[in-house]
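A.B. asks: Quick one: structure below, then a few questions.
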């Protein structure tokens, strides 16, 4: 018997190794609860202010959208392997703001994300996007611990 506590789970992904851990956790929770997954990738549009005079801004945008499609395809494949329905979603803007907005506007029961994204420093325990989502979201947030190499066992 499947739990109906979670019906709509949002997995925020950026394609990083850490977000792949969050994908695995989110898919497993969805499988156990019978929830539908919404795989959300945010095209960070902050690059536009730095490329104001750059002629090929559209190529940069296209590249970022394609990265999003690749990241989401990993979520779709993981869902397919576990027989979990996945809805792909690409939005644009500030990642933390858009993750929270999408989750709240679409009545998500949970947001699953990694502690760090592709731009975060390895010295931090939690990245700025995850921190901002946790601080501002009215939706429950599961932050999955970052990848730690097994070589740390040699300490």
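Numbering (the numbering used here), first residue to last: 2 to 156. Idealized CB from N, CA, C, for every residue including glycine.
First and last residue of the alpha helix (DSSP H) that includes residue 101?
C.D. replies: Segment 96-106, the alpha helix (DSSP H) holding residue 101.
A.B. asks: Taking 8 Å as the threshold, find out whether the region 42-49 comes into contact with the region 93-104 through three or more Cβ pairs.
C.D. replies: The region 42-49 is in contact with the region 93-104.
A.B. asks: Taking only three categories from DSSP, how would you classify residue 115?
C.D. replies: It is a strand residue.
A.B. asks: For the region 14-75, which segments carrying the beta strand (DSSP E) assignment without a break, of at least 3 residues, lie completely within its bounds, in sequence order?
C.D. replies: Runs found: 37-45.
A.B. asks: Judging by CA-CA distance, which residue of 19, 140 and 146 is the nearest neighbour of residue 100?
C.D. replies: Of the listed residues, the one whose Cα sits closest to residue 100 is 140.
A.B. asks: Taking 7 Å as the threshold (C-beta atoms), are residue 23 and residue 87 in contact?
C.D. replies: Going by C-beta atoms, residue 87 is not nearer than 7 Å to residue 23.
A.B. asks: Please tell me whether residue 19 and residue 115 are closer than 7 Å, where the distance is taken between their beta carbons.
C.D. replies: In contact: residue 19 and residue 115 (Cβ atoms closer than 7 Å).
A.B. asks: Confirm, please, whether the CB-CB distance from residue 66 to residue 34 is below 7 Å.
C.D. replies: No. Outside cutoff.
A.B. asks: Between which residues of its own chain and residue 107 is the CB-CB distance below 8 Å, once the five residues before and five after are set aside?
C.D. replies: 9, 11 and 39.
A.B. asks: Using alpha carbons as the reference points, say which of 143, 16, 13 and 32 lies closest to residue 84.
C.D. replies: Per the Cα distances, 32.
A.B. asks: Residue 121 by DSSP, collapsed to three states: which one?
C.D. replies: Bear in mind that a pLDDT of 46 at residue 121, under 50, signals an unreliable position, so the model cannot answer this.
A.B. asks: Between the C-alpha atoms of residue 92 and residue 49, what's the straight-line distance to the nearest angstrom?
C.D. replies: Whole-angstrom Cα-Cα distance: 15 Å.
A.B. asks: In whole angstroms, give me the CA-to-CA distance for residue 133 and residue 13.
C.D. replies: Near 13 Å, if we compare the C-alpha coordinates of residue 13 and residue 133.
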